[in-house]
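Novice: Below you will find the structure I want to go over with you.
Numbering (the working numbering), first residue to last: 6 to 160.
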């Protein structure tokens, strides 16, 4: 129990300094026990709060809640939203407003990002996966599949 209290105290101290570090870092990355990560872009209005069971990040309309017991690590990154747009392996097949990915291994993570790095859609999948792009305005988007990113241009 002392380790958990120390972790929470250290985490609190670290996150309280985020606003002071915001000029030097662009995002906080939350790593969970299940191996998943969430990247949250640092903005002037980002707020962090704690209650007995959760850590909550919020900004202008977005909210991320993590159970304290599930959090393994917090790190900071200079990268904003998208790490690279280099394609490797099989590219998605585009047909109208649907991007289809085939032959994905179990536990594959597919995420759709706006050009400014906001996560618009995210899913864990396997095999063939159809990502709907319906309702999105024309513009550039990035789809990340298991760490490999693809740029998509919608007209």
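We treat Cβ as the ideally placed atom computed from N, Cα and C, and that holds for glycine.
So residue 147 and residue 137 are supposed to be a Cβ contact under 8 Å. How far apart are they, rounded?
Specialist: As a position in the chain shown, residue 147 is number 142, starting the count at 1. As a position in the chain shown, residue 137 is number 132, starting the count at 1. Their Cβ separation, rounded to whole angstroms, is 16 Å, which puts residue 147 and residue 137 out of contact at 8 Å.
Novice: Can you give the Cα-Cα distance for residue 72 and residue 56, rounded to whole angstroms?
Specialist: In the chain shown, the residue the question calls residue 72 occupies position 67. In the chain shown, the residue the question calls residue 56 occupies position 51. Linking residue 72 to residue 56 through their CA atoms gives a straight-line distance of about 10 Å.
Novice: Whose C-beta lies closer than 6 Å to the C-beta of residue 51 among residues of the same chain, with five residues either side of it excluded?
Specialist: Here residue 51 corresponds to residue number 46 of the chain shown, with the count starting at 1. Answer for residue 51: 64, listed in chain order.
Novice: Hey, residue 33 and residue 45 are a contact pair by Cβ (cut 8 Å); roughly how many whole angstroms apart?
Specialist: Along the chain shown, one-based indexing puts residue 33 at 28. Along the chain shown, one-based indexing puts residue 45 at 40. Right, their Cβ atoms sit about 5 Å apart.
Novice: Can you name the residues that DSSP bridges to residue 72?
Specialist: If you number the chain shown from 1, residue 72 lands on position 67. Partner(s): 59.
Novice: For residue 99, which residues of its own chain have a beta-carbon under 6 Å away from its beta-carbon, when the five flanking residues on both sides are left out?
Specialist: Residue numbering aside, residue 99 sits at position 94 when the chain shown is read from its first letter. Same-chain partners within the cutoff: there are none.
Novice: Buried or exposed for residue 163, going by 16 or more other Cβ atoms inside 10 Å?
Specialist: What the structure shows of the chain is the stretch from 6 to 160, and residue 163 is not part of that stretch, so it cannot be assessed.
Novice: Need the endpoints of the beta strand (DSSP E) that residue 156 sits in, please.
Specialist: Residue mapping note: residue 156 aligns to position 151 of the chain shown, counting from 1. 153-159 is the extent of the beta strand (DSSP E) around residue 156.
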